[in-house]
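Residue 438 in UniProt numbering sits at position 438 of the sequence shown, with consecutive numbering throughout.
The structure under discussion appears below in the form of structure tokens.
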Amino acid sequence: MVQRMFCYIKKRAILVSVFVACAYGAEISVELGQDISEAVSRAHHGDTIVLKNGNHFIGRPVNINTQISIVPETKGFVQLVVPDQTSIAVQFGASAAFESTVEDLVIQTEDGTECSLVEPYAMQADFIFELEKATVSNERLNFVSNTGPWYNRRKLTDLRFENCKYNDSANNPVTGVAYKLLGNCDGQFIFNIPLGEIGGSEGCGAAVTEHNTFQGYRAQIKGEWFETIKNDNPGVALPAVVSRSHSAQIDTYIQIDTIQNIVVAFNAHYLRDDIRLAMDAVDAGYYDGYQHSRMRIEMHMKAPYTVVGGYEGVVIVENTLTQTVQVSGYTVSESCNHLDAGTICVQKIKFDIQTCDMTGLYTLVDIPLGCSEASADGSPIDCAVQTADQQSINVTFHMSTANICEPPQGSKLESRVTSTAEVYSDISYSTKLPVNTVMVGDVSFWAIELKGQAGVNNIYNAGILAIERTSDGTCDSYGNFLGNLSLYNPDDLPIQTFDPFAQTIEIQLPVTASTVLEIASQ
Numbered sequence: 001m002v003q004r005m006f007c008y009i010k011k012r013a014i015l016v017s018v019f020v021a022c023a024y025g026a027e028i029s030v031e032l033g034q035d036i037s038e039a040v041s042r043a044h045h046g047d048t049i050v051l052k053n054g055n056h057f058i059g060r061p062v063n064i065n066t067q068i069s070i071v072p073e074t075k076g077f078v079q080l081v082v083p084d085q086t087s088i089a090v091q092f093g094a095s096a097a098f099e100s101t102v103e104d105l106v107i108q109t110e111d112g113t114e115c116s117l118v119e120p121y122a123m124q125a126d127f128i129f130e131l132e133k134a135t136v137s138n139e140r141l142n143f144v145s146n147t148g149p150w151y152n153r154r155k156l157t158d159l160r161f162e163n164c165k166y167n168d169s170a171n172n173p174v175t176g177v178a179y180k181l182l183g184n185c186d187g188q189f190i191f192n193i194p195l196g197e198i199g200g201s202e203g204c205g206a207a208v209t210e211h212n213t214f215q216g217y218r219a220q221i222k223g224e225w226f227e228t229i230k231n232d233n234p235g236v237a238l239p240a241v242v243s244r245s246h247s248a249q250i251d252t253y254i255q256i257d258t259i260q261n262i263v264v265a266f267n268a269h270y271l272r273d274d275i276r277l278a279m280d281a282v283d284a285g286y287y288d289g290y291q292h293s294r295m296r297i298e299m300h301m302k303a304p305y306t307v308v309g310g311y312e313g314v315v316i317v318e319n320t321l322t323q324t325v326q327v328s329g330y331t332v333s334e335s336c337n338h339l340d341a342g343t344i345c346v347q348k349i350k351f352d353i354q355t356c357d358m359t360g361l362y363t364l365v366d367i368p369l370g371c372s373e374a375s376a377d378g379s380p381i382d383c384a385v386q387t388a389d390q391q392s393i394n395v396t397f398h399m400s401t402a403n404i405c406e407p408p409q410g411s412k413l414e415s416r417v418t419s420t421a422e423v424y425s426d427i428s429y430s431t432k433l434p435v436n437t438v439m440v441g442d443v444s445f446w447a448i449e450l451k452g453q454a455g456v457n458n459i460y461n462a463g464i465l466a467i468e469r470t471s472d473g474t475c476d477s478y479g480n481f482l483g484n485l486s487l488y489n490p491d492d493l494p495i496q497t498f499d500p501f502a503q504t505i506e507i508q509l510p511v512t513a514s515t516v517l518e519i520a521s522q
């Protein structure tokens, strides 16, 4: 049923006639069993969808692309029934639709779990914007955020990513926007930005940093709302309708591994503003070449504060895509000491993950904060951590990695790097060693040329972590023909920075009997 209301004001004078028409919009009723989406598709700007009392089953999300209102026939007597709490009940897919409101509805899952939309009160102002996930696809950085409980008559008016506003047509790289009402009565907001427009003066202005193989973007993401308040406290009417605007924001640090296509997003909810975290290394398959990986987070804070060195803590797997995920506890490197106040204290936090797809949300629980014992000149430091809630922090981050649980069918991955090796006679690396002539006990000098344009990725950083024989030849009983590289600690090996075209890395190794046999057999 559609009822459209108009008001007319008519004023006459001798030679002047003025006629004004006011349209309040249509009222569209949806009976039980009718498709809400069909009614929404017929609605115009300013219309109201009235759902008749009872259960309305939502098989697919109700998509709204214009400003409308959805209300129940009677408050508390209309249920939207969805499969589960992660299901999308209503989705707003355009900026015009963000002005829409949904109010006084109950959402029920198929197992009977219920939740209701929240009534805003004048003395309470809860606004939430939390980053849940960040991924990269099609040269875009994709965000999924949680906006907390869904409030009656609250409208999302705009989104800011650093200097970019979604509703600013002159500077709007933000696309793929959707605002969703979920089956748990929470709001979810998704959007994406081209990688080339995240940072810099020509883009959104996010601060860009280079860290090992990761490129980092530090930015502020902000949601802005407008809402209408009818009540102060339940049962107590306000003398007049109150409107207010508000916002919620997060400071986040997003990292993208330029080699492994790994994305890590840190939520910056910390008690001290000067704490910074970055994913320093993701060694996928470090232990077994497949799914046992080593993670390393670098943590910065200003002296005299530091994380308690040697501490071993718990890593919680909040959610992942795979059923079997095992994580070790985390360990912290040594505390900082003998630093002047304000100097950056750098520490490492390590832990392991065993799974073929590390994509998920993780929390490092209760990282303990402490103080250095002394300043740079050895004088005592007074920097006591005052309260219990300042003695530790939790670090939550989302990581998105390539899924290697099911290798792609019908295609073969290209090698990421090609290398050639030559042996030279002395430390000057000026002349080649005569063919098949080596002396046991001498030091051999090797020049290894790496080319990083041979495969699908350009490689900008390289370090030798291991050297393996390409053939056993006739010396299969001799191991480690280039010497015992297990004596090298991978953390201590230098990283040689180079461009993707070519770079020569020079190393020196002792000549052993197995070296002689190996070279002679090739």
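Here a beta-carbon is modelled for each residue, glycine too, at the ideal position from N, C-alpha and C.
{"Query": "Distance, V71 Cα to N63 Cα", "Result": "16 angstroms"}
{"Query": "Test item: CB-CB of R140 and N172 under 9 angstroms", "Result": "no"}
{"Query": "Opening and closing residue of the alpha helix (DSSP H) in which A125 lies", "Result": "Taken as a continuous stretch (DSSP letters only), A125 belongs to no alpha helix (DSSP H), as it is neither H nor E."}
{"Query": "Inter-residue spacing [alpha-carbon to alpha-carbon] between K222 and L159", "Result": "6 angstroms"}
{"Query": "Alpha-carbon spacing of N319 relative to V118, whole angstroms", "Result": "26 angstroms"}
{"Query": "Candidates T66, I344, G360, Q91: closest to E99 by CA position", "Result": "T66"}
{"Query": "Within 9 angstroms, strictly: CB atoms of V144 and I190", "Result": "yes"}
{"Query": "N- and C-terminal bounds of the alpha helix (DSSP H) containing A39", "Result": "36-42"}
{"Query": "Local conformation of E197 per DSSP, three classes", "Result": "helix"}
{"Query": "Inside the region 74-116 only - beta strand (DSSP E) runs reaching at least 3 residues", "Result": "78-82, 88-92, 106-109, 114-116"}
{"Query": "Alpha-carbon to alpha-carbon, W150 and H300", "Result": "36 angstroms"}
{"Query": "Residues bridged to Y287 (per DSSP)", "Result": "In DSSP, Y287 forms no bridge with anything."}
{"Query": "Cβ neighbour criterion (16 or more within 10 Å) applied to V282", "Result": "buried"}
{"Query": "Identified DSSP bridge partners for A178", "Result": "I190"}
{"Query": "C-beta atoms of G216 and T209 nearer than 9 angstroms", "Result": "yes"}
{"Query": "Residue environment, residue 536, which counts as buried when at least 16 other CB atoms sit within 10 Å", "Result": "What the structure shows of the chain is the stretch from 1 to 522, and residue 536 is not part of that stretch, so it cannot be assessed."}
{"Query": "Exposed unless 16 or more other CB atoms sit within 10 angstroms - verdict on P120", "Result": "buried"}
{"Query": "Nearest-angstrom Cα separation, counted from L182 out to A89", "Result": "6 angstroms"}
{"Query": "At least 3 beta-carbon pairs within less than 8 angstroms: the region 333-340 vs the region 364-376", "Result": "yes"}
{"Query": "As assigned by DSSP and simplified to three states, the class of I58", "Result": "coil"}
{"Query": "Distance between F129 and E224 (C-alpha atoms, nearest Å)", "Result": "10 angstroms"}
{"Query": "With 16 other Cβ atoms within 10 Å as the buried cut-off, status of R244", "Result": "exposed"}
{"Query": "Candidates I250, C345, S333, S328, of which the one nearest D352 by Cα", "Result": "S328"}
{"Query": "Sub-9 angstroms separation of H292 and Q354 beta-carbons", "Result": "yes"}
{"Query": "Buried versus exposed call for N55 [16 or more other C-beta atoms within 10 Å across all chains shown]", "Result": "exposed"}
{"Query": "Minimum C-alpha distance to Y330 - residue among T324, A240, Q347, T322", "Result": "Q347"}
{"Query": "Under 9 angstroms between C-beta atoms of L195 and I256", "Result": "yes"}
{"Query": "Simplified DSSP state of N337, which is helix, strand or coil", "Result": "coil"}
{"Query": "Which of helix, strand or coil DSSP assigns to K52", "Result": "coil"}
{"Query": "Nearest-angstrom beta carbon gap, K230 and M295 [assumed within contact, 8 angstroms]", "Result": "With 8 angstroms as the limit, M295 and K230 do not qualify as a contact, their Cβ atoms being about 49 angstroms apart."}
{"Query": "For E318, the first and last residue of its enclosing beta strand (DSSP E)", "Result": "315-320"}
{"Query": "Start and end residues, beta strand (DSSP E) containing V71", "Result": "69-72"}
{"Query": "Between the CA atoms of L51 and V16 - distance to the nearest angstrom", "Result": "Any reading at V16 must be qualified, since the residue scores a pLDDT of 33, below 50, and its modelled position is unreliable; no value is offered."}
{"Query": "Span of the beta strand (DSSP E) around L159", "Result": "154-161"}
{"Query": "CB contact flag (L361, T396, <9 angstroms)", "Result": "yes"}
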